[in-house]
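Heads up: the sequence lines are chains B and S, in that order. End of the first sequence = 1367 in our numbering, gap-free, step of one. End of the second sequence = 1367 in our numbering, gap-free, step of one.
There are 2 protein chains.
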Amino acid sequence: MINILSTLDPDFARKFARIVEARREADSDVAGQVADILRTVKLRGDAALADYTQRFDGYALADEADWSIPREACEEAYHALAPDLREALELAAARIRAYHEAQLPENRDYTDAAGVRLGAIWRPVDAAGLYVPGGRAAYPSSLLMNAIPAKVAGVRRLAITTPTPQGQTNPMVLAAAHIAGVDEIWRVGGAQAVGALAYGTQRIRPVDVITGPGNAWVAEAKRQLYGVVGIDMVAGPSEILVIADGKNDPDWIAADLLSQAEHDPTSQSILITDDAGFARQVEDCIDLQISQLATGKTARTSWDAHGVMIVVNDLEAEAPALADRLAAEHVELAVDEPERLLHKIRHAGSVFLGRMTPEAVGDYVAGPNHVLPTGRRARFSSGLSVLDFMKRTSFLGLDEASFAAIGPAAATLAHAEGLPAHAKSVELRIK
Amino acid sequence: MINILSTLDPDFARKFARIVEARREADSDVAGQVADILRTVKLRGDAALADYTQRFDGYALADEADWSIPREACEEAYHALAPDLREALELAAARIRAYHEAQLPENRDYTDAAGVRLGAIWRPVDAAGLYVPGGRAAYPSSLLMNAIPAKVAGVRRLAITTPTPQGQTNPMVLAAAHIAGVDEIWRVGGAQAVGALAYGTQRIRPVDVITGPGNAWVAEAKRQLYGVVGIDMVAGPSEILVIADGKNDPDWIAADLLSQAEHDPTSQSILITDDAGFARQVEDCIDLQISQLATGKTARTSWDAHGVMIVVNDLEAEAPALADRLAAEHVELAVDEPERLLHKIRHAGSVFLGRMTPEAVGDYVAGPNHVLPTGRRARFSSGLSVLDFMKRTSFLGLDEASFAAIGPAAATLAHAEGLPAHAKSVELRIK
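Shown next as C-alpha cells:
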C-alpha cells in the first residue's frame, strides 16, 4: 500500500521536498566509452560503423544494400499495415502536422522611428537526423512526433538512424517513416549512429540537428555533440501529475496514472486530490488493473518506487504551487473547471484539460508534441516544436540619416570598452 | 601579405574547404577540473565559493557585505558615468528593449474542426543567472544584451555572478546592471559561480537558465550543467564575413574587418569581393590601421592567422553559397542592393545591410542581440532572444464528442505499441 501524503501533515514540506529532489535518473558512467566511440567514428567513418554494428547489433554492414532501408520498403510496410492501424497513424500524422504548421514562426521586417530597418528571418536547418531506438522502445508515434515537425519546418533532408539487431526491422516504424516522408534510413544505432550524423561518414552526410530518444549511450552522445550540432532537450524518465477532485471515476484516474507507470520502472505517477477516500479508491483500482496488465510488472515497480498520492484541503489553493515545484512533463486536470488551474500553473510540459482528456490522446493523436521536458525541466524548457528545426537570422540596415542618429553612441561605447577598431568603423562613416 | 584566394583557382574548392573546416577553438582540457569544482560547490556551497574565490580571485568572501554588490552601488556607478557614456548606454538599452519586446511570442488557443481545444502558453522562467566576466572582457554592452531580453521575457529574478579580482569592480558594468534592472550581483566567478547558480548555495538561490560569456572553465561548466539548467549556445571565437563590391571605401571595409580581428587572436575576418584591386587596397588599409590601433597586436595576430580574402567573378552568383558554407556570426553586405543577397544567404547569425551598417552599430545600439552563434553554428542555432528565457506549455482539451472522434485511434496505436494501460485509459472513457 502506497503512502498517501497529506498537506496537513506537519512534516509534509520535508516529505514533498524529498519527492521533488529525488533523482530517478541513474548516473550512467558511459561518458568515457561514448567519447571513444565518437572519436573512432570521426576518424574511421563507415569502417567504424560496420565494426560497432557487428559487435553491438550482430548485424553485418557488408554490401551496399545492408546499410540502409530503401523508401520502397517503407512504402510496402505502409501498405501491409492492418487498415485500422494505418488509419490511426494517418489520423495522428494529419493532426500532428496541423498543430505544428500553426506553430511556424513569423518573420519580422520593419523600420523604426529612428529610420533603422530591423528584422529577423526564420529558416529551417538544411538537414536533420532522427534517432529511432530498436526493440521495444521503437514507437511509430515517436517517429511521427519527431519527423513531422522537421518536415513542417521545411527541412530538406531528414535522415533516420536505427539499430536493426540481427537485421530485424519494425514494420510499424517503417510505415510511419513513409507517412512522415523520411528521406534516408540508416541501419546503425547507439552512440556510433549519433556520431555519424554529427560528423558525417563516407556514406552518411552530416546533419545540423539531431533529435529522438535513445538509451544512455545515445543520450550521452547527443550531450557530448551539443554545439557540433543542435540537439533536442536532455530527456529523462517520464512523469505524470494528475490533479483530480473526488467526482472522477477512480478507474479512469488509475488507468491514467498507470499509463505513465507502464513505460519504465523509473517513470513517476503522482495524484493530487482533495478527497482522501477517492485516493484510496484509486489505489484499489490501480492494484486491480496492474494485475490485468501485460505491462503490470513494470507498472508495479514504477508505482511502488515512485508513485505518490497527495491529499490537499483545497485543490485550487494548494495544487498549483505543488505542481510548479514538480514541473511535471504531463499534467492532467480532471476537474470541472480546468481552465482556472491551467492559468495558475506556471511550470508544466503539457496540460490535459478536463475529465475526457487522458494523457494517451496527447501521446498519439491530439496534435501537440509528445516529446516533452522531463525531470522538472519544464521549469526552463519546452516540448519539441518546429523551432527545434529552425534558426533565426536577425538583420539591420541603416541609411545616412539613421546612422547619424545612432552611430555616434556606438562609437562612444566602443571607445569605453577599449575597442578602437569598432569605433573607427563607425567614425569613418560619420560625415 | 595575406593570400588572396580566387574562385578561378583550380584548387579553390580544397583551399576553401580547409578554411571552413579549420577549428579556431582550442580543445581545452578543463572538463575534469570543472567537474571537481561543480561537485565541490554542490556539496559544500558557500564554503566552497569562499575557498575558490580566495584562491582564484585573491578576494575574501568573509563578511556578509563581501558577497554581493548592492543595487545602490550600481545606481551610484550609473550617476557617476560621463554624461555621453550614460546617454549612449541608455540609448542602447532602449533600442535593445524595443527590439526584444517585439520578439515576445504569442500564445495560441483554438478549437479545431474535430472539436479539440488546442494551444500553447509561453511563460518566463522564474529566475535567470547571468555570468559577467571580470577584467578586459567585462563589457557593459554584453550585460545589456543578456539582461534586457531576460527582463523583457518577464523573468522575476535576474542574478549576476562576476569575479572581482582583488575586489575590483567595473563601474560601467555596474551602471549597465542598474539600467537593466538586475536584482542581485554576486562577487563570484569561474566554474564555481556557474555551479552556484545551477545548484544554489546557502546564499545564492538556484536559477533556471544561465547565459553570458566566460572563459574555458565557465563555458565547460555551462556545458556540463546543460539539462540541470537551460543555457545559451556554446560560444566560440567571433567572426565576420564582409561581402563588398569594388565601390566601397577600402578604409571603411578595413575597419569593419579589424573590428572583428581586434577582439581576440582567434577571431576571424573574411572578405568576399568581386574586385581584386579593391581587395589589395583593403589589405593596405588594414596594415595602416593596425599600426595605429591600441589593439593592433591582437588584430595583427588574428588577421595573419585567420584573415581571408576571396575574389569571385560574380558576387550575387557566388557569394551566397560561400557564405552558407561559412555560416558566419556576422555578415555585412556592402553592396547597392543588399536585399537580394539577404534572401539568398541561408545561414548567418546577423546580417548588416548596406554600406552604412558596420557591424559595430549592431554590437552596441541597433537593437538586435549581439550574442550570436559562432563557429558555423548559424547552421542550426540563433542569436540570444527572449525565447531563451521562456518556455512553452502546450495544452489540449477534449469533450465527449471530440473524444469519440479521435479517442479510438489513440487506443489502436497504444495497443500496437504494446502499452495496454494507455489503451485502457482511453477505452474506459469510450461510451
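We treat Cβ as the ideally placed atom computed from N, Cα and C, and that holds for glycine.
Measure the C-alpha to C-alpha separation of residue i and residue j and round it to an integer number of angstroms.
i: lysine 1233 (chain S); j: leucine 1349 (chain B); result: 21 Å
i: proline 1076 (chain B); j: methionine 1108 (chain B); result: 6 Å
i: threonine 1137 (chain S); j: glutamine 990 (chain S); result: 17 Å
i: aspartate 972 (chain B); j: phenylalanine 1331 (chain S); result: 41 Å
i: leucine 985 (chain B); j: tryptophan 1188 (chain S); result: 50 Å
i: alanine 1152 (chain B); j: glycine 1172 (chain B); result: 10 Å
i: threonine 1209 (chain B); j: arginine 1053 (chain S); result: 24 Å
i: glycine 968 (chain B); j: alanine 1215 (chain B); result: 45 Å
i: glutamine 1204 (chain B); j: leucine 1177 (chain B); result: 8 Å
i: leucine 1194 (chain S); j: glycine 1213 (chain S); result: 19 Å
i: leucine 1110 (chain S); j: tyrosine 1014 (chain S); result: 7 Å
i: histidine 1199 (chain S); j: isoleucine 1140 (chain B); result: 37 Å
i: arginine 980 (chain B); j: alanine 1113 (chain S); result: 50 Å
i: alanine 1074 (chain S); j: asparagine 1106 (chain S); result: 7 Å
i: aspartate 1297 (chain B); j: alanine 1264 (chain B); result: First, the residue type needs correcting, since residue 1297 (chain B) is valine and not aspartate in the sequence shown. Their Cα atoms are separated by approximately 17 Å.
i: aspartate 993 (chain B); j: threonine 1147 (chain S); result: 40 Å
i: valine 1244 (chain B); j: leucine 1289 (chain S); result: 57 Å
i: alanine 1132 (chain B); j: threonine 943 (chain B); result: 51 Å
i: lysine 1183 (chain S); j: asparagine 1305 (chain B); result: 51 Å
Counting only beta-carbon atoms, is residue i nearer than 8 Å to chain S?
i: valine 1352 (chain B); result: The sequence shown places alanine at residue 1352 (chain B), not valine. Alanine 1352 (chain B) counts as touching chain S.
i: methionine 1081 (chain B); result: no
i: tyrosine 1162 (chain B); result: yes
i: alanine 1113 (chain B); result: no
i: valine 1244 (chain B); result: no
i: threonine 1310 (chain B); result: no
i: alanine 1259 (chain B); result: no
i: glutamine 1104 (chain B); result: no
i: proline 1342 (chain B); result: The residue you asked about is not proline; residue 1342 (chain B) is isoleucine in the sequence shown. So yes, isoleucine 1342 (chain B) belongs to the interface.
i: asparagine 1305 (chain B); result: yes
i: tyrosine 1075 (chain B); result: yes
i: leucine 1066 (chain B); result: no
i: histidine 1266 (chain B); result: no
Does the ligand SAM have even one heavy atom less than 7 Å from the beta-carbon of residue i?
i: serine 1195 (chain S); result: What this structure holds is no ligand at all, so the ligand SAM is not there to describe.
On a Cα-Cα basis, can you pick out the residue from the options that is closest to residue i?
i: glutamate 1268 (chain S); options: S:Asp993, S:Gly981, S:Glu1175, S:Gly1065; result: S:Glu1175
i: alanine 1127 (chain S); options: S:Pro1142, S:Glu1120, S:Gln1102, S:Thr1097; result: S:Thr1097
i: alanine 1030 (chain S); options: S:Ala1171, S:Ala1337, S:Pro1085, S:Asp1144; result: S:Pro1085
i: arginine 960 (chain S); options: S:Pro1274, S:Ala1134, S:Lys1183, S:Ser1238; result: S:Ser1238
i: serine 1317 (chain B); options: S:Phe1325, S:Arg1312, S:Ser1318; result: S:Phe1325
i: glycine 1303 (chain S); options: S:Ile1281, S:Thr1310, S:Val1322, S:Arg1313; result: S:Val1322
i: valine 956 (chain S); options: S:Ser1361, S:Gly1311, S:Ala1347; result: S:Gly1311
i: leucine 1355 (chain S); options: B:Ile1115, B:Asp1192, B:Leu1278, B:Ile1366; result: B:Asp1192
i: histidine 1036 (chain B); options: B:Arg1328, B:Asp987, B:Lys1087, B:Arg1044; result: B:Lys1087
i: leucine 1056 (chain S); options: S:Val1068, S:Trp1122, S:Asn1043, S:Ala1050; result: First, the residue type needs correcting, since residue 1056 (chain S) is alanine and not leucine in the sequence shown. For the residues S:Val1068, S:Trp1122, S:Asn1043, S:Ala1050, the minimum Cα distance to alanine 1056 (chain S) belongs to S:Asn1043.
i: alanine 1419 (chain S); options: B:Leu1080, B:Gly1166, B:Leu1277; result: Past the boundaries of the shown model lies residue 1419 (chain S); chain S is included only from 937 to 1367, so the question cannot be answered.
i: valine 1068 (chain B); options: B:Ala1083, B:Asp1062, B:Pro1060; result: B:Ala1083
i: arginine 1291 (chain S); options: S:Pro1309, S:Ala1270, S:Ile1281, S:Asp1299; result: S:Ala1270
i: aspartate 1307 (chain B); options: B:Lys1360, B:Arg1159, B:Gln1225, B:Met1169; result: Here residue 1307 (chain B) turns out to be valine, not aspartate, going by the sequence shown. For valine 1307 (chain B), the nearest C-alpha among the options comes from B:Met1169.
How about residue i: is its C-beta nearer than 8 Å to some C-beta of chain B?
i: glutamine 1128 (chain S); result: no
i: tryptophan 1188 (chain S); result: yes
i: valine 956 (chain S); result: no
i: alanine 1314 (chain S); result: yes
i: proline 1173 (chain S); result: no
i: leucine 1229 (chain S); result: yes
i: aspartate 965 (chain S); result: no
i: aspartate 1048 (chain S); result: yes
i: leucine 974 (chain S); result: no
i: arginine 1093 (chain S); result: no
i: valine 1052 (chain S); result: yes
- [ ] Output, in sequence order along the chain, the residues in the segment 1006-1027 of chain B whose CB is closer than 8 Å to any CB in chain S.
- [x] Asp1020, Leu1021, Glu1023, Ala1024, Leu1025, Leu1027
Task: Chain-ordered residues of the segment 1275-1286 of chain S with a beta carbon less than 9 Å from chain D - done: In the structure shown, chain D does not exist; the protein chains are B and S.
- [ ] Within the segment 1273-1327 of chain B, note down every full alpha helix (DSSP H) run reaching 4 residues or more, in order along the chain.
- [x] 1274-1278, 1295-1300
- [ ] Give, in chain order, every residue of the segment 940-954 of chain B whose Cβ lies closer than 8 Å to some Cβ of chain S.
- [x] none
Open item on the list: In chain order, what are the residue ranges of uninterrupted alpha helix (DSSP H) at least 4 long that sit wholly in the segment 1067-1144 of chain S?
Closed with: With a minimum length of 4 residues, the continuous alpha helix (DSSP H) runs that stay inside the segment 1067-1144 of chain S are 1076-1089, 1107-1116, 1126-1135.
TODO: Write down every uninterrupted run of the alpha helix (DSSP H) in the segment 1233-1267 of chain B whose length is 4 residues or greater and which is fully enclosed by it, in chain order.
DONE: 1251-1262
TODO: Closer than 8 Å, Cβ to Cβ, to anything on chain S: give me those residues from the segment 1212-1238 of chain B, in chain order.
DONE: Gln1225, Leu1229, Ala1230, Thr1231, Ala1235
- [ ] Using a Cβ-Cβ cut-off of less than 8 Å, give me the residues of the segment 1026-1040 of chain S that come near chain B, in sequence order.
- [x] Leu1027, Ala1028, Arg1031, Ala1034, Tyr1035, Ala1038, Gln1039
TODO: Using a Cβ-Cβ cut-off of less than 7 Å, list which residues of the segment 1325-1339 of chain B approach chain S; keep chain order.
DONE: Lys1327, Arg1328, Thr1329, Ser1330, Phe1331, Leu1332, Gly1333, Leu1334, Asp1335, Glu1336, Phe1339
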